[in-house]
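Enquirer: Numbering (our numbering), first residue to last: 109 to 818.
#1: Would you mind sorting residue 710 into buried or exposed? The rule is 16 or more other CB atoms within 10 Å of its CB.
#2: Within the same chain, show all residues whose beta-carbon is closer than 8 Å to that of residue 298, passing over the 5 residues directly before and after it, in chain order.
#3: Taking 8 Å as the cut-off, decide whether the C-beta atoms of residue 539 and residue 461 are in contact.
#4: If you count every other CB in all the chains shown that lies within 10 Å of the CB of residue 790, and 16 or more means buried, which is it?
#5: Using DSSP's beta-bridge definition, name the partner residues of residue 744.
#6: On the premise that residue 446 lies in contact with residue 326, defined as a C-beta separation below 8 Å, what is that separation, rounded to the nearest angstrom?
#7: Are there three or more Cβ pairs, one per stretch, closer than 8 Å when the region 524-538 is compared with the region 594-608?
#8: Using three-state DSSP, classify residue 524 as helix, strand or coil.
#9: Could you give the residue range of the beta strand (DSSP E) that holds residue 713?
#10: If I follow the unbroken alpha helix (DSSP H) through residue 154, where does it start and stop?
#11: Residues in the same chain with beta-carbon distance under 8 Å from residue 810, minus the five sequence neighbours each way, listed in chain order, please.
#12: Tell me whether residue 248 is buried or exposed, calling it buried when 16 or more other Cβ atoms sit within 10 Å of its Cβ.
#13: Contact defined as beta carbons within less than 8 Å: I believe residue 428 pairs with residue 420. What is the distance between those atoms, to the nearest angstrom?
#14: With DSSP as the reference, label residue 469 as helix, strand or coil.
#15: Using three-state DSSP, classify residue 693 as helix, strand or coil.
#16: Rounded to whole angstroms, what's the CA-CA distance from residue 227 to residue 268? Just pull it up for me.
#17: What's the gap between the Cα of residue 571 and the Cα of residue 515?
#18: When burial is assigned at 16 or more other CB atoms within 10 Å of the CB, is residue 560 buried or exposed?
#19: Alpha carbon to alpha carbon, how far is residue 103 from residue 520?
#20: So, helix, strand or coil for residue 808, using DSSP?
#21: Which one of 224, 525 and 494 has the shortest CA to CA distance from residue 513?
#22: Three-state secondary structure (DSSP) at residue 445?
#23: I need the straight-line Cα distance from residue 716 to residue 189, nearest angstrom please.
#24: Return yes when the Cβ of residue 803 is within less than 8 Å of the Cβ of residue 169, no when it is not.
#25: Let me know if residue 741 comes out buried or exposed under the rule of 16 or more other beta-carbons within 10 Å of its beta-carbon.
#26: Rounded to a whole number of angstroms, what is the C-alpha to C-alpha distance between residue 252 and residue 246?
#27: Where does residue 287 fall in DSSP's three states?
#28: If you run the structure through DSSP and keep just helix, strand and coil, what is residue 200?
#29: Whole angstroms are fine: how far does the CA of residue 553 sit from the CA of residue 689?
#30: To which residues of the same chain is residue 496 closer than 7 Å at the C-beta, ignoring the five residues directly before and after it?
#31: Between which residues of its own chain and residue 795 is the CB-CB distance below 6 Å, once the five residues before and five after are set aside?
#32: Closer than 6 Å by C-beta to residue 199: which residues in its own chain qualify, once you throw out the five before and the five after it? Chain order, please.
#33: Quick one: residues in its chain with C-beta nearer than 6 Å to the C-beta of residue 439, no 5 flanking neighbours on either side, listed in chain order?
#34: Identify whether residue 781 lies in helix, strand or coil by the three-state DSSP scheme.
#35: So, for residue 680: in the same chain, excluding its five sequence neighbours on each side, which residues have a beta-carbon less than 8 Å away from its beta-carbon?
#36: Quick one: is residue 224 buried, meaning 16 or more other Cβ sit within 10 Å of its Cβ, or exposed?
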């Protein structure tokens, strides 16, 4: 059985669930044998059960929920240590003094009145029934009670309990273990929801697999995803139960047959879907509820998209892109997500075994090719996406601009060519058509005439009339296509069916894709291909039928990729359960009119250490201002009027070396930037970042100073 959203993406599943005809095609590859887990499971499954039963309380956006202990929203007022200790000591001395005065009779004998009223007369004398020893004990017991009362009063007055907690127990208290006490009714390892639905046998099989250590976190997430398909009616309960009874924790496998990644570098929690990126610093600029907590991201935050800006070496790839790619690959194995990771070859985006499809553009040993037209058969759609890739960066950067002229030019050629040849042109053929080569145009015309395509002949006539006229963009398009018509790319972008092209239409499946761009000697071509992938991604996710599968594009180094159309596409992703992650070395890599719209279109914004003040100014503007309390302290010199006062002031000046002053404190509310450009440029330590978050529900977190190494 395939789980919900885990249809056969590569044609490797033995008995796929029936689905509508004509799904997006993904190149089929021979199935790899399942890989043994990197860490053998414990024989009794105790580690997995402890992980599964760990508390995950609801928390603010970005908080690492695994084992989280909520903190109050506001910082409690804490007495300074010096004041607390001095107050405790003074209270002890006062209590001691009171007791000494009582013992020595300086305060009279009134404190013996309760003793005289309560104790019988027969107990007081030495010849009483109690004897001398008993009488002594009675008197000493009363004195002890009085002393205890004085001590309790002094302890409350001097806050001895707080002193004990802060300076004694905190020193010797061991960290509390994460106890996971659950009842059978709320134990997630018992799969009670399956039992309630009538799948008791399947629930018992899964519970046994968990106890014996045969189940992993990916298995748990994948089976929950399959059960979600049963609840929504996509699969039948009988099919689900049969798969679980047959395969246990290995049921509903991803089409690749994998149950885990080759290795993990980050900390993941597939119950909440989070990956931990660091620790929120215990800093006064961070809200108290966030200080010292783990900082984590998941699909609920990535669904609003993320832009990270920082210079080379600030940790964009290693501490942001790589953990996110690893997390989304795990989600894909669980049938929850489809991920496309784009970066330079050798950028460290994860091993090839962690992906289903690896496209190495410019590497003749690459097993896969990239579909230049995004898998569409509509010439107008193909022309729009291709125009964005070729000349999107040359369009007017104003967000309201468009590239309709370039789209029209390409459509005037792609439509007739497909009508004649049944396919779109290859890169050399497209270049010849854009350059206006007489032979290819004449052959295309003849083919249209033979097929009786009058409307497409008019399109071709219009293209020929525009060639060579002032303002024609065909020459610019031809020059850009020439960047791909190089010997290094001779075996790529084939449209004749001889290669295995990957198309982003496959994002209806939980597929893991890595695209390596050729950076050395082909920087312009790499930026153009990155724009192509982004354009195809935004166009593909907008028309998906099944949007329960989260789709994400991770673009390492988005230099030259942000265009007006790209910004509009990013704004539409949230409604399609999709998002993008873009990294930039500087905001100068984005046209000035597009910087504000880009930061406004992304819900999560990250400024890493080493940012320039100019980049910091853009972040400071988008993060806005907040009301804060400002204290103004003024010292005023005290002038003595009397001779005695002057003598005291002179003595004080001799002792302290300063003139006597009186301090005045003024408290007022002022509006200040949350993070100023200067602070972002100079106050963010190495390995840190300032990150603001917004989830798909609209909840947001203010800019947080985060240690990406924690």
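Even glycine gets a Cβ: it sits at the ideal position worked out from N, Cα and C.
Expert: According to the structure shown:
#1: Buried, since its Cβ has 16 or more Cβ neighbours within 10 Å.
#2: Contacts found: 292, 311 and 315.
#3: No, Cβ-Cβ distance for residue 539 and residue 461 is not below 8 Å.
#4: Burial call: exposed.
#5: Beta-bridge pairing links residue 744 to 770.
#6: Contact flag wrong, Cβ pair sits at about 16 Å.
#7: Yes, they touch.
#8: Three-state result, residue 524: helix.
#9: Residues 712-716.
#10: Looking at the DSSP string, the run of the alpha helix (DSSP H) that includes residue 154 is 154-161.
#11: If we look at residue 810 and ignore the five residues flanking it on each side, its Cβ neighbours are 395, 731, 734, 782 and 800.
#12: Exposed, by the Cβ-count rule.
#13: Residue 428 to residue 420, Cβ: 14 Å. No contact.
#14: Residue state, collapsed to three classes: coil.
#15: DSSP places residue 693 in coil when its eight states are reduced to three.
#16: For residue 227 and residue 268, the distance between alpha carbons rounds to 33 Å.
#17: The alpha-carbon atoms of residue 571 and residue 515 are separated by roughly 12 Å.
#18: Taking every protein chain shown into account, the CB of residue 560 has fewer than 16 other CB atoms within 10 angstroms, so this residue is exposed.
#19: Missing from the structure shown is residue 103; the chain here goes from 109 to 818 and no further.
#20: DSSP places residue 808 in strand when its eight states are reduced to three.
#21: Checking every option, the nearest Cα to that of residue 513 belongs to 494.
#22: Under the three-state reduction of DSSP output, residue 445 falls in the strand class.
#23: One C-alpha to the other measures close to 35 Å.
#24: Their beta carbons are under 8 Å apart, which means residue 169 touches residue 803 by this criterion.
#25: By the 10 Å Cβ count, residue 741 comes out exposed.
#26: Looking at the two C-alpha atoms, the distance is approximately 10 Å.
#27: Bear in mind that a pLDDT of 49 at residue 287, under 50, signals an unreliable position, so the model cannot answer this.
#28: If DSSP states are grouped into helix, strand and coil, residue 200 belongs with the helices.
#29: If I take the Cα positions, the gap works out to 44 Å.
#30: Apart from sequence neighbours up to five positions away, the residues of its chain that approach residue 496 with a beta-carbon distance below 7 Å are 511, 639, 643, 671 and 673, ordered along the chain.
#31: Apart from sequence neighbours up to five positions away, the residues of its chain that approach residue 795 with a beta-carbon distance below 6 Å are 816 and 817, ordered along the chain.
#32: Non-local C-beta neighbours of residue 199 in its own chain, meaning closer than 6 Å and more than five positions away in sequence, comprise 262, 265 and 266, ordered along the chain.
#33: Closer than 6 Å at the Cβ level, and outside the excluded window around residue 439, lie 445.
#34: Residue 781: strand per DSSP, three-state reduction.
#35: Closer than 8 Å at the Cβ level, and outside the excluded window around residue 680, lie 646 and 650.
#36: Here residue 224 is exposed: its Cβ has fewer than 16 other Cβ atoms, across all protein chains shown, within 10 Å.
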